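Here is the structure we will look at, set down as structure tokens.
Residue numbers (this note's numbering): -17 to 152.
Given below as structure tokens:
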């Protein structure tokens, strides 16, 4: 049995984003129930040199939508990093899912051999075949940011666990 680029990307990103949305909903509920300011949770970081919760959500969103764009050639919607509430972050995740769900099997057909170039400043450019980009860069990067968002919320006392991260808990 072979798998298509669509099968190993879009549904995987969507499921991860849905789990992330669930984590954010639990973060919002925690703030409401405990009186902790939403801003304190949204600005929390695991370390001083790491992005805060909002930044982790924004990077998970960007990684998934830009992966879809790079592999399909279908422009993703611009999303400036202006979210300051759980509601804003949940909406961004929903908007990202909505874009990804427009990308059907045909949109990604042949993308495994498409060259994907990433620029990391003026002196660092990396080129990948599409399948290598997806499997060794995009998916690991996406899950790093989802896991870090989970870890930030958990470190702030939000009652979440592995099953919430996996998206299997209700």
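C-beta atoms are modelled at their ideal positions from N, C-alpha and C, and glycine is treated no differently.
Please read these numbers as outputs of a predicted model, since none were measured by experiment.
- Sequence-distant partners of residue 120 (beyond 5 residues in either direction) whose C-beta falls short of 7 Å from its own C-beta, in its chain, are 45, 49.
- The segment 22 to 39 and the segment 71 to 79 touch, with three or more beta-carbon pairs separated by less than 8 Å.
- Residue pairing by DSSP places residue 107 opposite 101 in a beta bridge.
- Between the segment 90 to 97 and the segment 52 to 65, the count of C-beta pairs closer than 8 Å reaches three or more; the two stretches touch.
- Closest in C-alpha terms to residue 68, from the list 3, -14, -8, -16, comes 3.
- The C-alpha of residue 11 lies about 22 Å from the C-alpha of residue 33.
- In this structure residue 108 is exposed. Its beta-carbon is surrounded by fewer than 16 other beta-carbon atoms within 10 angstroms.
- Rounded to the nearest whole angstrom, the C-alpha separation of residue 137 and residue 80 is 30 Å.
- Only residues of its own chain outside the window of five on either side were considered, and among them 77, 81 have a CB closer than 7 Å to the CB of residue 59, listed in chain order.
- A distance below 6 Å between beta-carbons, with the five flanking residues on each side excluded, links residue 132 to the following residues of its chain, in chain order: 5, 147.
- Per the coordinates, the alpha-carbon of residue 8 lies some 13 Å from the alpha-carbon of residue 145.
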